[in-house]
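**Q**
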Amino acid sequence: MNIRLFQLINSWAGQNIWLDRLMIFYAEWLGYFLIGGLIICLIKDRKKYSDMLIVSLGSAIIARFIFVEIIRFLYYNPRPFLVLSDVTQLINHETVSSFPSGHASFYFALATGVYLYNKKSDLSARAGYVYFALAGLIGFSRIFAGAHWPADIVAGAILGIFTTILVSYLKHRVTRVTVLGFLKLLRFEKPNKIGPM
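Structural data, given as structure tokens:
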């Protein structure tokens, strides 16, 4: 199923030069615009969006450069162009393990952070949906370009989403414990009365 789906998607590559260029752009450059969107939010209102940037970008870095690397160290999965002879490869890539996708884990972690930042807000929820759609487009384009199997993208997406949920939970947990501890320190209690000796 994984191979057949890859072959179906990759078979569209090399058929139209403009579609190929568009997919190359999505695969290699679109992600920078997602990061740029977060930076613009931070510049616009640092106080309001700093937490979102910390959780989103922090989770993305943890997912990509810690969890992905650990999995790749433990399990090697060759890329499609190393296994199949009929792959149309649009982008050059190292022969390191393809599973899970580093791009998918990074950008789905970003998207989850944007969504979780304030999912009750219509604007934030819409921004989260847009980020998820663009992260999915990045993943699809990397299959199209011959760099990843579909399973790599799915696994990377799950890993990115899970990482951000975990980081967000731990952040709120630590913040809550810290605040409660601080308030406890500030609690003013009446000193014990010392009776006559």
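Residue numbers (the numbering used here): 2 to 198.
All C-beta atoms in this analysis are idealised placements derived from N, C-alpha and C, irrespective of residue type, glycine included.
#1: Please go through the same chain and pick out, in chain order, the residues whose beta-carbon is closer than 7 angstroms to the beta-carbon of T89, but skip the five residues on each side of it.
#2: In angstroms with no decimal places, state the Cα-to-Cα distance between P79 and I139.
#3: What is the rounded straight-line gap between the Cα of G161 and the Cα of L6?
#4: For Y108, count the other beta carbons within 10 Å of its own beta carbon; 16 or more makes it buried, fewer makes it exposed. Which is it?
#5: According to the Cβ coordinates, are V115 and S60 closer than 8 angstroms?
#6: I'd like to check one pair, L91 with I25: are the Cβ atoms closer than 8 angstroms?
#7: Using the C-alpha atoms, what's the distance from Y132 back to F43?
#8: Go ahead and label R127 buried or exposed: buried means 16 or more other beta carbons lie within 10 angstroms of its beta carbon, across all protein chains shown.
#9: Determine the direct distance from the alpha carbon of A28 to that of F253, and round the result to whole angstroms.
#10: What's the call for A152, buried or exposed, on a 16-neighbour Cβ count within 10 Å?
#11: With distance defined between alpha-carbon atoms, name the residue in A105, F141, W150, R143 nearest to F163.
#12: Work out the CA separation of L167 and L111 for me, nearest whole Å.
#13: Using CA atoms only, rank isn't needed, just tell me which of W150, P81, P101, K48 is closest to G1.
#14: Alpha carbons only, please: which of I41, S169, E70, N3 is nearest the one belonging to P81?
#15: With a threshold of 8 angstroms between beta carbons, is F141 in contact with chain B?
**A** On the basis of the data shown:
#1: N11, A14, G15, G147
#2: 20 angstroms
#3: 22 angstroms
#4: buried
#5: no
#6: yes
#7: Before going on, a small fix: residue 43 reads as Leu here, not Phe. Rounded to whole angstroms, L43 to Y132 spans 16 angstroms at the Cα level.
#8: exposed
#9: Given that the chain is displayed from residue 2 to residue 198, the structure contains no residue 253 and the question cannot be resolved.
#10: buried
#11: A105
#12: 13 angstroms
#13: Because residue 1 is not part of the residues shown, which for the chain are 2 to 198, the question remains open.
#14: N3
#15: Of the protein chains in this structure there is only one, and it is not chain B.
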